[in-house]
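Asker: Attaching a single structure in structure tokens format; questions to follow.
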Amino acid sequence: MTQVPHDLHDLTLAEASARLAAGQTTSEALTRHALARIERHSNLGAFLHVDTDGALDAARGADARRAAGQALGPLDGLPIAHKDIFVTQGQPTTAASKMLKGYQSPFDATIVARLHAAGMVSVGKLNCDEFAMGGATENSAYGVARNPWALDQIAGGSSGGSAVAISARLVAAATGSDTGGSIRQPAALTGVTGIKPTYGRCSRYGMIAFASSLDQAGPLARTAEDCALVLQAMSGFDERDATSAQQPVPDLAAALRTPRAGATADQPLAGLRVGVPKEFFGEGVNPDVLAATRDALEQLRKLGATLVDVSLPRTELSIPVYYIIAPAEASSNLSRFDGVKFGHRAKQYTDLADMYRKTRAEGFGPEVKRRIMIGTYVLSHGYYDAYYLQAQKLRRMIADDFQAAFKVCDVIAGPVSPTVARPIGSQTDPVADYLADIFTLPASLAGLPGMSVPAGFGDQGLPVGLQLIGNYWQEAALLHTAHAFQQATDWHLRAPAALSALDA
Numbered sequence: 001m002t003q004v005p006h007d008l009h010d011l012t013l014a015e016a017s018a019r020l021a022a023g024q025t026t027s028e029a030l031t032r033h034a035l036a037r038i039e040r041h042s043n044l045g046a047f048l049h050v051d052t053d054g055a056l057d058a059a060r061g062a063d064a065r066r067a068a069g070q071a072l073g074p075l076d077g078l079p080i081a082h083k084d085i086f087v088t089q090g091q092p093t094t095a096a097s098k099m100l101k102g103y104q105s106p107f108d109a110t111i112v113a114r115l116h117a118a119g120m121v122s123v124g125k126l127n128c129d130e131f132a133m134g135g136a137t138e139n140s141a142y143g144v145a146r147n148p149w150a151l152d153q154i155a156g157g158s159s160g161g162s163a164v165a166i167s168a169r170l171v172a173a174a175t176g177s178d179t180g181g182s183i184r185q186p187a188a189l190t191g192v193t194g195i196k197p198t199y200g201r202c203s204r205y206g207m208i209a210f211a212s213s214l215d216q217a218g219p220l221a222r223t224a225e226d227c228a229l230v231l232q233a234m235s236g237f238d239e240r241d242a243t244s245a246q247q248p249v250p251d252l253a254a255a256l257r258t259p260r261a262g263a264t265a266d267q268p269l270a271g272l273r274v275g276v277p278k279e280f281f282g283e284g285v286n287p288d289v290l291a292a293t294r295d296a297l298e299q300l301r302k303l304g305a306t307l308v309d310v311s312l313p314r315t316e317l318s319i320p321v322y323y324i325i326a327p328a329e330a331s332s333n334l335s336r337f338d339g340v341k342f343g344h345r346a347k348q349y350t351d352l353a354d355m356y357r358k359t360r361a362e363g364f365g366p367e368v369k370r371r372i373m374i375g376t377y378v379l380s381h382g383y384y385d386a387y388y389l390q391a392q393k394l395r396r397m398i399a400d401d402f403q404a405a406f407k408v409c410d411v412i413a414g415p416v417s418p419t420v421a422r423p424i425g426s427q428t429d430p431v432a433d434y435l436a437d438i439f440t441l442p443a444s445l446a447g448l449p450g451m452s453v454p455a456g457f458g459d460q461g462l463p464v465g466l467q468l469i470g471n472y473w474q475e476a477a478l479l480h481t482a483h484a485f486q487q488a489t490d491w492h493l494r495a496p497a498a499l500s501a502l503d504a
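Numbering (full-length UniProt numbering), first residue to last: 1 to 504.
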């Protein structure tokens, strides 16, 4: 490979776009540099597939468009990688499961197609928890994704590979999916920025379904500015997705720089009311996470925001509600994996029913089987009313709690996770792992947009994320708040020391 400046991996999307526009680098140089780093840091377990030839062909195409003087968007020629939950034509899509080993889709997911249309260069597919079920990327059938800040710690999940790829500077942007916190939690644990938009903002067409009423695509990157650029290209109505909303997409990049009424250079958040839920700061949150989160809230106050006490009284109920609704939907969605049309099929079986049983026993991992069994149980005769129907009623009440809070605030802020990243393999109780989702689940159940912004470090120098939650379709307000915070802090610019030493 040709020699390129080693600092290319330190560029944000916006910075790389500016260099391309100024003729200071090429898409091929950026792509070759990314591919070299992906190979060099393969021990991180971020990638399940690397599309070297396809990426270089796409990069050369981007350079040819630029040389021809075509009018190009800000993302044209920039490398990106996709969570392996989105189908991709010409690349395998496995959902990190043995059930789909070797599967190749005949079409692209809508968000993949839209980012391709924006000129982005796909370098490969990213590791995740199997069928997006998990919070540590330990449930992947192809190995764990390791946190670049400490290789013996989890990277979070289920979009762990996406978060690792950004944190380790393998690519500047990646796609992820968030069902109960699967963008925000790994972003927080690895020190990157990620946003889950309002449910329906991004098409689910071509996303391998886990829980259809909760799954939502979103971007991860190092900055709010980069997330805005990618989310802009991903968003919009899709007639092929019945859950896609016919909602206009604002100019998110412009919204970052649009001053608030009454704002000044020193106080860009003047007039912003930030709700602080008391339920997010009680028992169960580690002191190091609390300290970093409170410091971040103080920084928002210094930037002109007003902190307002609010209450989300049904926060604790979000865990049982989610772990009834999500498995119920999973048990229905995953019934399509039976060995008949695609994916794994058992080699030895006696009849059709035996083929189903053996195929699923061999193809699905333990966590996926566990959630299918829970979901089937709560939907079964005699339990539907007692569990599933009651969970749906509580879900509506959780959404109502947010609407009551938004009457007195514009944005809600708090921790993403109760702890920093834990050691790989240290959690053997799945229920205890479910409890770690307590602060991300409420917004998912309500369908609200939420994001994680790097906000400091806790024990062992591991990253802590600040969660921002907005009202429906208020992604621009979240990104504006996060951008102002990042203009005043440098947490999002910090790089893992171990990798920095290797790259010197």
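Virtual Cβ for every residue (Gly too), placed ideally from N, Cα, C.
On a predicted model such as this, the values are computed, not experimentally measured, just so you know.
1) Return the CA-CA distance between alanine 498 and alanine 150, expressed in angstroms with no decimal places.
2) Considering only DSSP beta bridges, list what threonine 306 is partnered with.
3) For proline 415, which beta-bridge partners are listed by DSSP?
4) Tell me whether glutamine 153 is buried or exposed, calling it buried when 16 or more other Cβ atoms sit within 10 Å of its Cβ.
5) What's the C-alpha gap between valine 378 and tyrosine 349?
6) Identify whether cysteine 128 lies in helix, strand or coil by the three-state DSSP scheme.
7) Out of Pro79, Ile85, Ala187, Ser17, which one is the CA nearest neighbour of threonine 72?
8) So does the stretch 102-115 actually touch the stretch 124-140, counting three or more Cβ pairs closer than 8 Å?
9) Is the stretch 272-281 in contact with the stretch 240-252, if contact means three or more CB pairs nearer than 8 Å?
10) Counting pairs of beta carbons, one from the stretch 411-428 and one from the stretch 383-398, are three or more of them closer than 8 Å?
11) Between valine 274 and valine 411, how many whole angstroms is the CB-CB distance? I'm expecting something under 8 Å.
12) Identify, in the order they occur along the chain, each residue of the same chain with its Cβ nearer than 7 Å to the Cβ of histidine 480, setting aside the five sequence neighbours on each side.
13) If alanine 21 sits next to leucine 229, beta carbons under 8 Å apart, how far is it from one beta carbon to the other, in whole angstroms?
14) What residue does the beta strand (DSSP E) around glutamine 216 start on, and which one ends it?
15) I want to know whether the stretch 205-217 touches the stretch 455-466 - three or more CB-CB distances under 8 Å.
16) Could you check what DSSP says for glycine 456 in three-state terms: helix, strand or coil?
17) Can you check DSSP and say which residues form a bridge with phenylalanine 86?
18) At a cut of 8 Å, does the stretch 169-180 reach the stretch 219-226 through at least three beta carbon pairs?
19) State the beta-bridge partners of aspartate 178 as determined by DSSP.
20) In whole angstroms, what is the alpha-carbon distance linking lysine 125 and threonine 359?
21) When burial is assigned at 16 or more other CB atoms within 10 Å of the CB, is aspartate 266 buried or exposed?
22) Once you ignore the five residues that flank glycine 375 on each side, which residues in its own chain have a CB closer than 6 Å to its CB?
23) Tell me whether proline 415 is buried or exposed, calling it buried when 16 or more other Cβ atoms sit within 10 Å of its Cβ.
24) Tell me which same chain residues have a C-beta within less than 8 Å of the C-beta of threonine 258, skipping the five on either side of it?
25) Closer than 6 Å by C-beta to aspartate 338: which residues in its own chain qualify, once you throw out the five before and the five after it? Chain order, please.
26) Should histidine 381 be labelled buried (16 or more other beta-carbon atoms within 10 Å of its own) or exposed?
27) Just to confirm, are alanine 270 and alanine 263 a CB contact at a threshold of 8 Å?
28) What are the partner residues of serine 235, as DSSP defines its beta bridges?
29) Relative to the alpha-carbon of aspartate 401, which residue among Ser311, Ala346, Gly447 has its alpha-carbon at the smallest distance?
30) Thinking serine 444 and glycine 180 are a contact (beta carbons under 8 Å), I'd like their distance in whole angstroms, please.
31) Look up arginine 146 in the DSSP assignment and give the residues it is bridged to.
32) Mind checking valine 340: buried by the 16 CB within 10 Å criterion, or exposed?
33) Would you call threonine 428 buried or exposed, if buried means 16 or more other Cβ atoms sit within 10 Å of its Cβ?
34) Among His116, Ala233, Asn147, Thr94, which one has its Cα closest to the Cα of glycine 461?
35) So, at 6 Å on beta carbons, what are the nonlocal neighbours of glycine 161 in its own chain, with the 5 sequence-adjacent residues on each side left out?
36) Cα separation between tyrosine 323 and lysine 196?
Answerer: Taking the coordinates as given:
1) Alanine 498 and alanine 150 have their alpha carbons spaced roughly 8 Å apart.
2) Answer is Arg273, bridged to threonine 306.
3) As DSSP reads the structure, proline 415 sits in a beta bridge with Leu466.
4) In summary, glutamine 153 is buried, with 16 or more beta-carbon neighbours lying within 10 Å of its beta-carbon over all protein chains present.
5) About 29 Å.
6) For cysteine 128, the three-state secondary structure derived from DSSP is coil.
7) Checking the displayed sequence, the identity of residue 72 turns out to be leucine instead of threonine. Of the residues Pro79, Ile85, Ala187, Ser17, the one whose Cα lies closest to the Cα of leucine 72 is Ser17.
8) Under the 8 Å Cβ criterion, the stretch 102-115 does not count as touching the stretch 124-140, having fewer than three qualifying pairs.
9) The stretch 272-281 is not in contact with the stretch 240-252.
10) Segments in contact, no.
11) Correct: roughly 5 Å between the Cβ atoms.
12) These residues qualify, in order along the chain: Ala255, Leu256.
13) 13 Å between Cβ atoms; not a contact.
14) Glutamine 216 -> beta strand (DSSP E) spans 216-221.
15) No, because fewer than three Cβ pairs between the stretch 205-217 and the stretch 455-466 fall closer than 8 Å, the two stretches do not touch.
16) If DSSP states are grouped into helix, strand and coil, glycine 456 belongs with the strands.
17) Answer is Met207.
18) Result yes; three or more Cβ-Cβ pairs closer than 8 Å.
19) BP columns for aspartate 178 point to Gln216.
20) Between lysine 125 and threonine 359, the C-alpha separation is close to 25 Å.
21) So aspartate 266 counts as exposed.
22) Hits under 6 Å: Pro327, Ala328, Ala330, Ser331.
23) Proline 415 sits buried, since 16 or more C-beta atoms from the chains shown fall within 10 Å of its C-beta.
24) Cβ neighbours of threonine 258 beyond the five flanking positions: His480.
25) Within its own chain, the residues whose Cβ lies closer than 6 Å to the Cβ of aspartate 338, once the five positions on either side in sequence are excluded, are Tyr356, listed in chain order.
26) Label assigned to histidine 381: exposed.
27) Yes, the pair counts as a contact, with Cβ atoms nearer than the cut-off.
28) Cys202.
29) Measuring from the Cα of aspartate 401, the nearest candidate turns out to be Ser311.
30) So it is a contact: roughly 5 Å between Cβ atoms.
31) Per DSSP, Ile154.
32) Under this definition valine 340 is an exposed residue.
33) When all chains shown are included, threonine 428 counts as exposed.
34) Ranking the options by Cα distance to glycine 461, first place goes to Asn147.
35) Ala46, Leu126, Asn127, Cys128, Ala145, listed in sequence order.
36) Going from the Cα of tyrosine 323 to the Cα of lysine 196 covers about 19 Å.
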